[in-house]
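At position 30 of the sequence shown (counting the first as 1) the number is 30 in our numbering, and the numbers step up by one without a gap. Glycine is no exception: its CB is placed at the ideal position from the N, C-alpha and C atoms.
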Amino acid sequence: MKKFYITTAIDYTNSKPHLGHAYEKIFADVLARWHRLRGEDVYYLTGTDEHGQKVEKAAKSAGKEPQKFVDELVKDFKKMLEKLNISNSDFIRTTDDRHIKVCLEVFKKVFEKGDIYKG
């Protein structure tokens, strides 16, 4: 069976989801469903990016710790996917242990190969 992989941008969690987030997920979902209809094994990944200064500032403005702030917003992003009947295979958060583990492994391998160096 032919495999097809599609991913969306991982949404920045400094505010609630908006029409742009929905548009991208719907477009990717149409593509994923079309490939499934063709008999392909589709893996459709989406998720959230929960790091950075904008998230920190938004959390501070809301009077919340950054992790608590993004934990609450992620519920809205997942609810949007459910309401739109998006057929994603997985939802990844940059704060997920599995994401952190893989990032550290990749960084270590790249560093050990000498591909990371002072400019």
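query                                                                          : result
C-alpha distance - Thr7 paired with Asp29, whole-angstrom precision            : 10 Å
Nearest-angstrom Cα separation, counted from Gly114 out to Thr46               : 31 Å
Distance between Phe4 and Lys57 (C-alpha atoms, nearest Å)                     : 38 Å
Cα-Cα separation between Arg126 and Gly63, rounded to whole angstroms          : Within the shown structure, residues of the chain are numbered from 1 to 119, placing residue 126 beyond reach of any answer.
Assigned secondary structure, Leu84 (DSSP; H/G/I helix, E/B strand, else coil) : coil
Endpoints, the beta strand (DSSP E) within which Ala49 is located              : At residue 49 the sequence reads Asp, which differs from the Ala that was named. Taken as a continuous stretch (DSSP letters only), the beta strand (DSSP E) holding Asp49 covers Asp41 to Asp49.
Three-state class that DSSP yields for Ile10 in the structure shown            : coil
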